[in-house]
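Here's the structure we're looking at; comments come further down.
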Amino acid sequence: MIPNILSIAGSDPSGGAGIQADIKAISANGGYAMAVIAALTAQNTRGVRGFTVVAPDMVRSQIETIRDDIRIDAIKIGMLGDAAIVRTVAEVLGTIDAPVVLDPVMVAKGGDRLLAEEAVAALRDLLVPRAAILTPNLPEAGDLLGRAPAQDIESMREQGEALLALGCKAVMMKGGHLPRGEAIDLLVTDDDTVELEAPRTNTKNTHGTGCTLSSALATALGAGFAPIEAARRAKAYIGAAIGAADTLSVGSGNGPVHH
Ligand code: PLP
């Protein structure tokens, strides 16, 4: 059966990240993609010029309207923008029984904030405990814990365990920001910690990698794969998408990956 995957995230009109990347990744991984837009950004490959959040009641209504008609096999959460949206999404999720992949989007690659600073605590307290898999990059993991970002595998493991203690079922710590070496991710669960390795592709075109990985992961969970197998599949998919990024010719900044 084709899994129905719901992305709740922000729009990137340049097509590289956010909802647009989610729809491409879910489709390429064999899912049926649905998308609730929580925020609009104005951006290109050079940076984010601004964003505005959708009214919380409208975000709630979009999710409830889908829920009332369509079977939802997995949910991916990306950019939510502010604390009111975080609270609204957390409330509605209480009425839906589907695994949630939570990508705690906080700052775009170019350094622009995509989540208000005062919303980080709400995300940690209300949404992290609802996540089947939390997918922070190293700066996001640090921000959620109020610590400096991990610089090596050992501190990645420690921070992954600390995030697990916040109540999610698994943490996929993404090592893309590690200073050197392979692109190593860790999948941390109550049972064990598994290292996922891949060769690092040298490209500046990595816009949308977090969105793409979390959407591929949600699609695999929705298809019924166990977290570790879903993580391996998502890692293989994002590796191929980054590997093919330079075949695109999109903008003059940090371009998107290719699905
Ligand atoms: N969501 C939206 C709407 C964005 O605009 C961005 C980055 O610009 C992200 C998420 C995070 O992007 P990435 O997948 O590159 O971490």
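Taken in order, the sequence shown gives residues 0 to 258; the numbers are from numbering that gives the first Met the number 0. Cβ coordinates follow ideal geometry from the N, Cα and C atoms, glycine included. Quick caveat, the model's predicted, so the values are computed rather than measured.
Residue burial classification, E139 (beta-carbon count within 10 angstroms, cutoff 16): Answer is buried; the Cβ neighbour count reaches 16.
Roughly how many whole angstroms lie between the Cα atoms of R123 and H176? Each residue's CA atom was taken as its position, placing R123 and H176 some 21 Å apart.
Three or more C-beta pairs under 8 Å: does that hold for the segment 226 to 240 against the segment 196 to 209? Segments in contact, yes.
In the DSSP output, which residue or residues are listed as bridge partners for H206? According to DSSP, H206 bridges with P255.
Consider the C-beta atom of S10 and the heavy atoms of the ligand PLP; say whether any pair is separated by less than 7 Å. For S10, the CB falls within less than 7 Å of some heavy atom of the ligand PLP.
Three or more C-beta pairs below 8 Å linking the segment 215 to 222 and the segment 49 to 69: Short answer: they don't touch.
Whole-number beta carbon distance between S251 and T44, since they are thought to touch under 8 Å: That pair is a contact at about 7 Å.
Mind checking I25: buried by the 16 CB within 10 Å criterion, or exposed? Label assigned to I25: buried.
Taking all protein chains shown into account, do 16 or more other C-beta atoms lie within 10 angstroms of the C-beta of Q61, making it buried, or fewer, making it exposed? In summary, Q61 is buried, with 16 or more beta-carbon neighbours lying within 10 Å of its beta-carbon over all protein chains present.
Spatial neighbours of L92 within its chain, please: C-beta separation below 7 Å, excluding the five flanking residues on both sides. Here the set comprises V99, R129.
Following a CB-centred definition, is M78 positioned closer than 7 Å to any heavy atom of the ligand PLP? The ligand PLP has a heavy atom closer than 7 Å to the beta-carbon of M78.
Own chain partners of P178 with C-beta closer than 8 Å, once the 5 adjacent residues on each side are dropped: If we look at P178 and ignore the five residues flanking it on each side, its Cβ neighbours are Q150.
For a test of the three-state rule: what should DSSP assign to T44, helix, strand or coil? T44 falls in the coil class under three-state DSSP.
Return yes when the C-beta of T40 is under 7 Å from any heavy atom of the ligand PLP, and no when it is not. In this structure, the C-beta of T40 approaches the ligand PLP to less than 7 Å from one of its heavy atoms.
Which word fits N3, buried or exposed, when buried means at least 16 other C-beta atoms lie within 10 angstroms of its C-beta? Classification for N3: buried.
Decide yes or no for the touch test of the segment 6 to 19 against the segment 37 to 55: beta carbon pairs closer than 8 Å, at least 3 of them. Enough Cβ pairs lie closer than 8 Å, so yes.
Distance between beta carbons of A161 and G174, contact taken as under 8 Å: 16 Å between Cβ atoms; not a contact.
Give the straight-line distance between the Cα atoms of L113 and L212, rounded to the nearest whole angstrom. Straight-line Cα distance between these residues: approximately 18 Å.
Distance cut-off 7 Å: G223 Cβ against heavy atoms of the ligand PLP: No, since every heavy atom of the ligand PLP falls outside the 7 Å radius drawn around the Cβ of G223.
Please name the residue in A243, E228, G223, I227 whose C-alpha comes closest to that of G30. Nearest option by C-alpha distance: G223.
Examine the ligand PLP and report whether any of its heavy atoms sits within less than 7 Å of the Cβ of A243. Outside the cutoff, so no.
When every heavy atom of the ligand PLP is checked, does at least one fall within less than 7 Å of the C-beta of H258? For the ligand PLP, no non-hydrogen atom lies closer than 7 Å to the CB of H258.
Assuming the contact rule is C-beta atoms closer than 8 Å, L186 and R156 should be a hit. Round their C-beta distance to whole Å, please. At roughly 11 Å, the Cβ-Cβ gap does not stay under 8 Å, so L186 and R156 are not in contact.
Quick one: what does DSSP say G223 is sitting in, helix, strand or coil? For G223, the three-state secondary structure derived from DSSP is coil.
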